[in-house]
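Reviewing the structure listed below.
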Amino acid sequence: MVLAMESLNRLLHCWILLISLLFVVNGQFPSTLEGPFKPVTVPVNYSIIGQVTSLPVNDNPPLSPEIEFQPQQISLSLSSDLSSVWVSWITGEYQIGDDIEPLDPQSVASVVQYGVYKSGRNNLAAGSSFIYCQQYPNEDPNNYTSGIIHRVLVTGLDPDTMYEYQCGDPSIPAMSEVHYFRTMPSPPKDYPSRVVVVGGLGLTYNTSTTISHMAANHPDLALLVGDLSFADLYCTNGTLCDFQNCSFPQSPLQETYQPRWDHWGRFMQILTATVPTMVIEGDHEIEKQADDLTFTAYNYRFAFPSDESGSTLYYSFNAGGIHFVMLGAYVPYDKSSDQYKWLERDLFNVNRSVTPWLVAAWHPPWYSTYKDHYREAECMRVEMEELLYKHGVDIVFNGHVNAYERSNRVYNYTLDPCGPVHITVGSGGNEMNLTLEHADEPGNCPDPSNTPDRFMGGSCGFNFTSGPAAGNFCWNEQPEYSAYRESSFGYGILEVKNQTHALWMWYRNQDRYSVGTDGIYIVRQPDRCPS
Numbered sequence: 013m014v015l016a017m018e019s020l021n022r023l024l025h026c027w028i029l030l031i032s033l034l035f036v037v038n039g040q041f042p043s044t045l046e047g048p049f050k051p052v053t054v055p056v057n058y059s060i061i062g063q064v065t066s067l068p069v070n071d072n073p074p075l076s077p078e079i080e081f082q083p084q085q086i087s088l089s090l091s092s093d094l095s096s097v098w099v100s101w102i103t104g105e106y107q108i109g110d111d112i113e114p115l116d117p118q119s120v121a122s123v124v125q126y127g128v129y130k131s132g133r134n135n136l137a138a139g140s141s142f143i144y145c146q147q148y149p150n151e152d153p154n155n156y157t158s159g160i161i162h163r164v165l166v167t168g169l170d171p172d173t174m175y176e177y178q179c180g181d182p183s184i185p186a187m188s189e190v191h192y193f194r195t196m197p198s199p200p201k202d203y204p205s206r207v208v209v210v211g212g213l214g215l216t217y218n219t220s221t222t223i224s225h226m227a228a229n230h231p232d233l234a235l236l237v238g239d240l241s242f243a244d245l246y247c248t249n250g251t252l253c254d255f256q257n258c259s260f261p262q263s264p265l266q267e268t269y270q271p272r273w274d275h276w277g278r279f280m281q282i283l284t285a286t287v288p289t290m291v292i293e294g295d296h297e298i299e300k301q302a303d304d305l306t307f308t309a310y311n312y313r314f315a316f317p318s319d320e321s322g323s324t325l326y327y328s329f330n331a332g333g334i335h336f337v338m339l340g341a342y343v344p345y346d347k348s349s350d351q352y353k354w355l356e357r358d359l360f361n362v363n364r365s366v367t368p369w370l371v372a373a374w375h376p377p378w379y380s381t382y383k384d385h386y387r388e389a390e391c392m393r394v395e396m397e398e399l400l401y402k403h404g405v406d407i408v409f410n411g412h413v414n415a416y417e418r419s420n421r422v423y424n425y426t427l428d429p430c431g432p433v434h435i436t437v438g439s440g441g442n443e444m445n446l447t448l449e450h451a452d453e454p455g456n457c458p459d460p461s462n463t464p465d466r467f468m469g470g471s472c473g474f475n476f477t478s479g480p481a482a483g484n485f486c487w488n489e490q491p492e493y494s495a496y497r498e499s500s501f502g503y504g505i506l507e508v509k510n511q512t513h514a515l516w517m518w519y520r521n522q523d524r525y526s527v528g529t530d531g532i533y534i535v536r537q538p539d540r541c542p543s
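Start counting the sequence shown at 13; every next residue gets the next number (the working numbering).
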């Protein structure tokens, strides 16, 4: 059965690649060389609005383990070494309250049994384990203590090779089912065939459609650009609450329902146990605690290749011939910050003959024309955009805005054939609704003083000094740097074809998983543009 499923998966994968090649031959997709393109706004499909319904996980938790200490919430992520992969999982159940006995991380082993597909799982790797707590003020009775989080680095892997593995404690025994993954190919001529990109997932019926469609497209790598579980939208009793009624008395802290992370991790396992998944934090991952700690769940639940950066909130990694830079919008990013200095070093050390493609990702977009979060990250753009442009970043991925938008090549709000293509993919499902209004529509332009994000701080709002919007904070029509925008749930796929051409495709949930809506070839021009 396993062999048959694997053969079917490879057949489907080849079919998808064949379709893509046919599109190349037929010239169906435009390329950035033909741009800049006239701005397009897709009319809102109101039949999909108002359908944000959370999955009933409190009554029927997804994939609850049947055996004590059986691994759950299994996930893979890349390390800084091409030959290594992180395997993470959780055993035991979370606990609520102060009068509890936390699980002992040393009571359950952290072991991965693995081997090349069909050759047996004769290799062993061991790792570490730990728990974390989410503490609330005023001696709240709903303080959270996690199950045991396990993390193992599997080393000595060959590139572009299918592996099978089980994780858990073989002495109990409490091992997971057998899962499979493929390692990243070797640079510079090989690339992961399909990289799925999405943000704003949550745990709704829309999320279910997004993840099932993503999995059906058989990606090699997943990129999640923030706003993951939306646990901070839930009160400590597990009910969805508004921001006014969910905060603690005499405290600026927002409640957060940590079991939502456990439900989300179990739900996501259909993707994360087989596809290496890289994440970057969004504002919904901040989750400030009583002791002023932030990003606790984010830091503990995911493994990161953060040895070089020294931070889980910004880091970089390679996937074949692509160098990814993941930036943190909610930690200092000015030119004197540790993040900026690390970014300078990281970009300086990129060898474009080894990793021709340079892709950056962070949560809040710099080039979004929607009313919600309009120019919210302007201070970050002012500090970092020139550095990214100087080093020839090709593509930027963002989330935050609950909609989709793709820019023309742009730098400093000006059309520039060497500027990156900015793509906002923030509508994976989320716990709210889609963003519909645009800042350039009558009466929608926000007051500049109200645009800075409450977490990022700073105020860099200014009126444009040139172009059609000169003297104004907003355009009065869709800006020329905005090529395509649409309010729909969905995700995107990046397929790097070679050192100069990559196909980007946007997929909507209301369509079949194999049907893309917005497609374009992003073409690098290394002889013309800085690199």
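Cβ atoms here follow ideal geometry from the backbone N, Cα and C, with glycine treated the same way. Model, not experiment: these values are computed from the prediction.
- request: Could you tell me which residues DSSP puts in a beta bridge with H335?
  value: For the purposes of this step, residue 335 is identified with residue 323 of the sequence shown, where counting begins at 1. Beta-bridge pairing links H335 to N330 and L370.
- prompt: In whole angstroms, what separates the C-alpha of L34 from that of R497?
  reply: Here residue 34 refers to the residue found at position 22 of the sequence shown. Here residue 497 refers to the residue found at position 485 of the sequence shown. Residue placement at L34 is flagged as unreliable, the pLDDT there being 38, under the threshold of 50; the coordinate-derived value follows with that caveat. Taking the straight line joining both Cα atoms gives about 26 Å.
query: Exposed or buried, what is I112 when buried is set at 16 or more other beta-carbons lying within 10 Å of its beta-carbon?
result: For the purposes of this step, residue 112 is identified with residue 100 of the sequence shown, where counting begins at 1. Classification for I112: exposed.
task: Answer yes if the segment 221-238 comes into contact with the segment 420-433, meaning at least three C-beta pairs across the two stretches below 8 Å, and no otherwise.
output: no
message: Tell me which residues share the same chain as F314 and place their Cβ nearer than 6 Å to its Cβ, disregarding the 5 neighbours each side in the sequence.
response: The sequence position of residue 314 within the sequence shown is 302, counting from 1. Here the set comprises V291.
- request: Mind checking which residues open and close the beta strand (DSSP E) that includes V207?
  value: Here residue 207 refers to the residue found at position 195 of the sequence shown. V207 -> beta strand (DSSP E) spans V207 to V210.
field: Straight-line gap, A373 to Y342 (C-alpha atoms, nearest Å)
entry: As a first step, residue 373 is located in the sequence shown; it is residue number 361 there, counting from the start. As a first step, residue 342 is located in the sequence shown; it is residue number 330 there, counting from the start. Rounded to whole angstroms, A373 to Y342 spans 13 Å at the Cα level.
task: Use the C-beta contact count for Q256: other C-beta atoms within 10 angstroms, 16 or more gives buried, fewer gives exposed.
output: Within the sequence shown, numbered from 1, the residue matching residue 256 stands at position 244. Residue placement at Q256 cannot be trusted, given a pLDDT of 45 that sits under 50; the coordinates are not used to answer.
query: Opposite L575 in the DSSP bridges: which residues?
result: No information on residue 575 is available, as it lies outside the stretch 13 to 543 that the chain covers here.
- prompt: Does DSSP classify Q85 as helix, strand or coil?
  reply: Sequence index remark: in the sequence shown, residue 85 carries index 73 (1-based). The answer is strand: DSSP assigns Q85 an E or B state.
Own chain partners of S119 with C-beta closer than 6 Å, once the 5 adjacent residues on each side are dropped: Taking the sequence shown and counting its residues from 1, the one referred to as residue 119 is at position 107. If we look at S119 and ignore the five residues flanking it on each side, it has no Cβ neighbours.
query: Tell me the DSSP bridge mates of R497?
result: Sequence index remark: in the sequence shown, residue 497 carries index 485 (1-based). Bridge partners of R497: T53 and E417.
- request: Could you pull out every residue in the same chain whose Cβ sits closer than 7 Å to the Cβ of I79, ignoring the five residues on either side in sequence?
  value: Counting from 1 along the sequence shown, the entry for residue 79 is found at position 67. Cβ neighbours of I79 beyond the five flanking positions: A186.
task: May I ask you to report which of helix, strand or coil DSSP gives A481?
output: One-based indexing of the sequence shown puts residue 481 at position 469. Three-state DSSP puts A481 in coil, outside helix and strand.
- prompt: What are the boundary residues of the alpha helix (DSSP H) that includes R10?
  reply: Residue 10 lies beyond the residue range present for the chain, which begins at 13 and ends at 543; the question has no answer from this structure.
query: So, helix, strand or coil for Y312, using DSSP?
result: For the purposes of this step, residue 312 is identified with residue 300 of the sequence shown, where counting begins at 1. DSSP places Y312 in helix when its eight states are reduced to three.
- prompt: Do three or more CB pairs link the segment 348-361 to the segment 416-426 at distances below 8 Å?
  reply: no
field: Contact under 8 Å by Cβ, I108 with A285
entry: Here residue 108 is taken as the residue at index 96 of the sequence shown, counted from 1. Here residue 285 is taken as the residue at index 273 of the sequence shown, counted from 1. Their beta carbons are not under 8 Å apart, which means I108 does not touch A285 by this criterion.
- request: Taking Y519 as part of the beta strand (DSSP E), name the residues at either end of that continuous run.
  value: Looking up residue 519 in the sequence shown gives position 507. Run containing Y519: H513 to R520, per the beta strand (DSSP E) assignment.
field: Terminal residues of the alpha helix (DSSP H) in which T219 lies
entry: Walking along the sequence shown from the start, residue 219 turns up at place 207. Unbroken alpha helix (DSSP H) run through T219: Y217 to A228.
- request: Using beta-carbon positions only, say whether Y217 and L446 come within less than 8 Å of one another.
  value: Translated into the one-based positions of the sequence shown, residue 217 becomes position 205. Translated into the one-based positions of the sequence shown, residue 446 becomes position 434. Cβ distance not < 8 Å, so Y217 and L446 don't count as in contact.
message: My assumption, with CB atoms under 8 Å, is that G404 sits in contact with P200. Please give the rounded CB distance.
response: For the purposes of this step, residue 404 is taken as residue 392 along the sequence shown, with counting starting at 1. For the purposes of this step, residue 200 is taken as residue 188 along the sequence shown, with counting starting at 1. About 15 Å separates the two Cβ atoms, so there is no contact after all.
- prompt: Does the Cβ of S348 have 16 or more other Cβ atoms within 10 Å, making it buried, or fewer, making it exposed?
  reply: Locating residue 348 in the sequence shown gives position 336, counting from the first residue. So S348 counts as exposed.
query: Assuming I161 contacts Y312 under a Cβ cut-off of 8 Å, what Cβ separation, rounded to an integer in Å, is found between them?
result: For the purposes of this step, residue 161 is taken as the residue at position 149 of the sequence shown. For the purposes of this step, residue 312 is taken as the residue at position 300 of the sequence shown. Sure, about 6 Å apart at Cβ, within 8 Å.
- prompt: Taking the alpha carbon of L45 as the point to measure from, which residue in Y533, C541 and G104 has its own alpha carbon closest?
  reply: To locate residue 45, count along the sequence shown from 1; it is residue 33. Of the candidates Y533, C541 and G104, the one whose C-alpha sits nearest the C-alpha of L45 is Y533.
query: Would the segment 489-504 and the segment 45-58 be scored as touching if the rule is three or more Cβ pairs under 8 Å?
result: yes
- prompt: Under three-state DSSP, which class holds F242?
  reply: The sequence position of residue 242 within the sequence shown is 230, counting from 1. If DSSP states are grouped into helix, strand and coil, F242 belongs with coil.
field: Whole-angstrom C-beta distance between W101 and P114, which should lie under 8 Å
entry: One-based indexing of the sequence shown puts residue 114 at position 102. One-based indexing of the sequence shown puts residue 101 at position 89. Between W101 and P114 the Cβ distance is about 18 Å, and since that is not below 8 Å, they are no contact.
query: Between the segment 163-180 and the segment 127-137, are three or more C-beta pairs nearer than 8 Å?
result: yes
query: How would you write the range of the beta strand (DSSP E) that W101 sits in, first residue to last?
result: For the purposes of this step, residue 101 is taken as residue 89 along the sequence shown, with counting starting at 1. Run containing W101: V97 to T103, per the beta strand (DSSP E) assignment.
message: Looking at chain C, is there any beta carbon in it that lies within less than 8 Å of the beta carbon of M444?
response: Chain labels in this structure do not include chain C; a single protein chain is all it has.
task: Kindly indicate the opening and closing residues of the alpha helix (DSSP H) around F279.
output: For the purposes of this step, residue 279 is identified with residue 267 of the sequence shown, where counting begins at 1. Unbroken alpha helix (DSSP H) run through F279: P271 to T284.
task: My understanding is that V124 touches V190, with C-beta atoms under 8 Å, so please give their C-beta distance in whole angstroms.
output: Translated into positions along the sequence shown, residue 124 becomes position 112. Translated into positions along the sequence shown, residue 190 becomes position 178. Actually they are not in contact, since the Cβ atoms of V124 and V190 sit about 12 Å apart, beyond 8 Å.
task: Return the residue from the list G180, R387 and S499 that minimises the CA-CA distance to A138.
output: Counting from 1 along the sequence shown, the entry for residue 138 is found at position 126. A138 has its Cα closest to that of G180, out of G180, R387 and S499.
- prompt: Would N475 be called buried (16 or more neighbouring beta carbons within 10 Å of its own) or exposed?
  reply: Translated into positions along the sequence shown, residue 475 becomes position 463. When all chains shown are included, N475 counts as exposed.
message: At the level of alpha carbons, what is the spacing between T103 and R278?
response: Residue numbering aside, residue 103 sits at position 91 when the sequence shown is read from its first letter. Residue numbering aside, residue 278 sits at position 266 when the sequence shown is read from its first letter. Going from the Cα of T103 to the Cα of R278 covers about 12 Å.
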